[in-house]
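Engineer: Handing you this structure, nothing more for now.
Numbering (my numbering), first residue to last: 306 to 579.
Pasting the structure below:
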C-alpha cells in the first residue's frame, strides 16, 4: 500500500523562491576592494533571475556545465542558485589546483562558460589555449594584469544588464545534478563529484537541526570555507534556506580582515578549514 501524501520535489528552486518571498529584507554583505557591498535577498533574487535569463540567452541548456573560478562573493552566490535552478550544473573550480589539473578538470567536465573573478583572470589566461569546451568567459569585477587571452569575454554586469527579473524555472527531477566539484586528495587525476538537488536540499535542512549546526534566521553567517570546496560545506545553501544574514569575505582571507568583518557585522556563526 502506498502513501497518499503530496510528492514534493526537493529542488533548489523551492529554497530560492521561499527565501526571496519570506526573507526579502535580509542582508547579504560582501567585502570588496571598494569596501562593503550590501544588498537584500530581494535584490539578490532579482539579479539571480536576470543571471538565469542571461545564461539562457547565451545558450546554456539543462545539463550543461557552468564553471566558476572565484572567491566567496555575492556574485558567486547568485551563480549558486541561478545555474542549478535553470537546470544546468554549477562546477566550482578549485583556484588552488595546479594548472595541468585545471586543464584536465575543465575539459573533462566540458564546461561551457567560466565565470572568473577579475584578480584570478591571469591564472586562467595561462591555460586558455588548452581548454577545448569553453565558449565564453564572464569576468566578475576588475581584471588587473589581464592580457586579453580569454576570448570571448564579457563583464558580469554587462552580461546580466537589461535581462528580465523573472524566469520560469523548468520542472526538474530532484535527483538531477545541481552542482559538481572535483577531488583534490586522491591518486591519479581528480574525480568529479556530483551533488543532486535532493542531496543539497536535505543537507541544508540538516544544517538547521539543533543537533546539526542549528543555523536559523536570526544568525549572521560568515562562510570562510571556500565556495569552490564541497559547496562551502553547504553553508550558502543552508543560510538562504533559513533566511540568515550572509557575510562573504571575498578575497580578503587574512586573519585581521576576517576578525574586523566578524566584529563589524556581528557574525554569530562561521566555518573554516583549520
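We put the beta carbon where it would ideally sit given N, CA and C, even for glycine.
Leaving aside the five residues before and after residue 369 along the sequence, list all residues of the same chain whose C-beta is less than 6 Å from its C-beta, in chain order.
Structural biologist: Excluding positions up to five away in sequence, the list reads 393 and 417.
Engineer: Suppose only complete runs of 3+ residues qualify. What are the beta strand (DSSP E) ranges in the region 452–515, listed by chain order?
Structural biologist: Listed in chain order, the complete beta strand (DSSP E) runs (minimum 3 residues) inside the region 452–515 are 458–460, 482–487 and 497–501.
Engineer: Excluding the 5 residues preceding and the 5 following residue 359 in the sequence, name in chain order all residues of the same chain whose CB lies nearer than 6 Å to its CB.
Structural biologist: 464, 465 and 468, listed in sequence order.
Engineer: What did DSSP end up calling residue 299 once you bin it into helix, strand or coil?
Structural biologist: The requested residue 299 does not occur in the structure, where the chain is confined to residues 306 to 579.
Engineer: Under DSSP, the alpha helix (DSSP H) around residue 350 begins and ends at which residues?
Structural biologist: Where residue 350 is concerned, the enclosing alpha helix (DSSP H) stretches over 346–362.
Engineer: Distance check for residue 443 and residue 344, CA to CA, integer angstroms please.
Structural biologist: Residue 344 and residue 443: Cα-Cα distance of roughly 22 Å.
Engineer: Less than 8 Å between the CB atoms is what I'm expecting for residue 535 and residue 486, so what's the real figure, rounded?
Structural biologist: So it is a contact: roughly 6 Å between Cβ atoms.
Engineer: Among the residues of its own chain, which have a CB less than 8 Å from the CB of residue 507, if the five just before and after it don't count?
Structural biologist: These residues qualify, in order along the chain: 315.
Engineer: Measuring CA to CA, which of 511, 556 and 515 is closest to residue 540?
Structural biologist: Closest by alpha carbon: 511.
Engineer: Does the distance from the C-beta atom of residue 530 to that of residue 519 stay below 7 Å?
Structural biologist: Result no, Cβ atoms of residue 530 and residue 519 do not sit closer than 7 Å.
Engineer: How about the region 334–354 and the region 547–561: do they share at least three Cβ pairs that are nearer than 8 Å?
Structural biologist: Enough Cβ pairs lie closer than 8 Å, so yes.
Engineer: How many Å lie between residue 384 and residue 561 at the Cα?
Structural biologist: Rounded to the nearest angstrom, the two C-alpha atoms are 28 Å apart.
Engineer: Need the endpoints of the alpha helix (DSSP H) that residue 408 sits in, please.
Structural biologist: 404–414 is the extent of the alpha helix (DSSP H) around residue 408.
Engineer: By the three-class DSSP mapping on this structure, what secondary structure does residue 365 have?
Structural biologist: Coil.
Engineer: Buried or exposed for residue 492, going by 16 or more other Cβ atoms inside 10 Å?
Structural biologist: Residue 492 is exposed by the Cβ-count criterion.
Engineer: State the start and end residues of the unbroken beta strand (DSSP E) segment that holds residue 553.
Structural biologist: Start and end: 550–553.
Engineer: On the DSSP bridge assignment, give the partners of residue 396 in chain order.
Structural biologist: BP columns for residue 396 point to 372 and 485.
Engineer: Quick one: using the 10 Å Cβ neighbour count with 16 as the cut-off for buried, is residue 352 buried or exposed?
Structural biologist: Burial call: buried.
Engineer: Output the residue ranges of the alpha helix (DSSP H) runs that lie fully inside the region 527–572 and measure 4 residues or longer, sorted by chain position.
Structural biologist: Taking only runs of at least 4 residues, the alpha helix (DSSP H) segments lying wholly in the region 527–572 are 540–547 and 560–570.
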